[in-house]
Structures are given as C-alpha cells and as structure tokens.
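Comments concern the structure below.
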Ligand SMILES: [Zn+2]
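Residue numbers (the working numbering): 15 to 198.
What follows is the structure, given as structure tokens:
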C-alpha cells in the first residue's frame, strides 16, 4: 500500500497551515487538544467517557488496552476518545491520527470493530498515520531539530512524541539525511 502521489507534501502543507491558523510558527509543537478545539472537535478520555456512560465501559471491555483512540460519529458531528491509560506520546499520536481523519474528511467507517480504529481501508489509515506524524513534527520542525542540534530527549519532550515517532519523522522528513550530509 503506498500513498497517492503528492500526498506527503500536501500533509506537510496542511500541518503548517493549521499552525498558521493558530498563530504558530511552522516549527512549533502542536498539541492535539489545541487543534481539536480549533476544529470544534470535542476530545474525551476513555476514563471520562466511561465515568459518563457505563455502556462505554462495556463497549471497551477486554479491548481497552488495545484501542488507542477512536472517533465517534453522531450525524455530522465527531467526537474523539483517547485511551488515557497509554503514555502521553502515544496519546498525542493517537489523537492526531483521529484529527487527521477529520481533516482529510475521511468518511466514517462501519460500526466499531473490536480494535477500535477501523483498519478496513488501508489507504485512509496510512494517510491518517502520515498526516498525524506531520501534525506532530512538520518537515520544518524536523529540519530545525537538526539545525539546532536538539537532543532526541529534548525533542521528544518538546513535541510530545515517543522515540519511535521522532525517529520515523526524522527519517521521513529527510532531516536525518541532512545531518549526515552536514557531518561529511
Ligand atoms: Zn484510523
């Protein structure tokens, strides 16, 4: 499965545009809660959703650990629920993944499957993953991490990402190559 031609550049443009709309620099971190608020998408945690409605607890029974986040559709409205038992980096990535589905106007999937986020369409899942990565760390941010010599630990903290996400974005944005080039 590969992304359609031009999608990666489009995703980065969208990630930069969202920052502009919020008055942020292209290299700035962007918390999913802030973007969701801008897009008028309520974000709830599993804990609060379960506290609010016991049926949600039943829905997630046995799968609660495995599900990272999900989008609940009610007519034209969406709500994002994030599994707050996961570490913060994973929560940010899961929340941005769900926001990405909304930004890309992906149609709602069929009723929730046991894994929560529906993997019924590999292409739209891949698009959401890619855009989520760009929303977390734009190409500009990745290049700035290299330029400023930010350590991985600092970058993880600054952008609220896991080491795996940081490594992936540094590779995919081409920033890693720049580091090697500038060192040689
Ligand atoms: Zn998804």
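Virtual Cβ for every residue (Gly too), placed ideally from N, Cα, C.
Query                                                                                                                                                                     : Result
Using only the heavy atoms of ligand 1, determine whether one of them is closer than 7 Å to the beta carbon of residue 111.                                               : yes
Does the beta-carbon of residue 6, which I'm using as the reference point, lie nearer than 7 Å to any heavy atom of ligand 1?                                             : Since the displayed the chain opens at 15 and closes at 198, residue 6 lies outside it and no answer follows.
At a cut of 8 Å, does the stretch 84-98 reach the stretch 50-58 through at least three beta carbon pairs?                                                                 : yes
Return the chain-ordered list of same chain residues with a C-beta closer than 8 Å to the C-beta of residue 83, the five sequence neighbours on each side being excluded. : 94, 95, 96, 97, 105, 108, 109, 111, 112, 130, 131
Taking all protein chains shown into account, decide if residue 179 is buried (16 or more other Cβ within 10 angstroms of its Cβ) or exposed.                             : buried
By Cβ distance, which residues of its chain are closer than 7 Å to residue 19, with the 5 residues on each side in sequence left out?                                     : none
Could you say which of 168, 151, 167 lies nearest to residue 185 if we only look at CA atoms?                                                                             : 151
For residue 12, which residues of its own chain have a beta-carbon under 7 Å away from its beta-carbon, when the five flanking residues on both sides are left out?       : In the structure as shown, the chain begins at 15 and stops at 198. Residue 12 is therefore absent and cannot be evaluated.
Spatial neighbours of residue 198 within its chain, please: CB distance less than 7 Å, with the 5 preceding and 5 following residues excluded, ordered by chain position. : With a pLDDT of only 42 at residue 198, under the threshold of 50, the placement of this residue in the model should not be trusted, and no figure is reported.
Three-state secondary structure (DSSP) at residue 39?                                                                                                                     : coil
Sort out for me which residues DSSP pairs residue 94 with in a bridge.                                                                                                    : 57, 85
Determine, using beta carbons only, whether residue 11 and residue 174 come nearer to each other than 8 Å.                                                                : Outside the modelled stretch of the chain, which goes from 15 to 198, sits residue 11, for which no answer is possible.
Do you know how far the Cα of residue 24 is from the Cα of residue 51?                                                                                                    : 22 Å
Looking only at its own chain, which residues have a Cβ that is under 6 Å from the Cβ of residue 29, when we skip the five neighbours before and after it?                : 148, 149, 152
For residue 115, count the other beta carbons within 10 Å of its own beta carbon; 16 or more makes it buried, fewer makes it exposed. Which is it?                        : buried
Tell whether a beta-carbon distance below 8 Å holds between residue 120 and residue 142.                                                                                  : yes
Write down the C-beta distance between residue 144 and residue 189 rounded to the nearest angstrom, noting that I regard them as a contact closer than 8 Å.               : Actually they are not in contact, since the Cβ atoms of residue 144 and residue 189 sit about 16 Å apart, beyond 8 Å.
Could you tell me if residue 139 is buried or exposed, where buried requires 16 or more neighbouring beta carbons within 10 angstroms of its beta carbon?                 : buried
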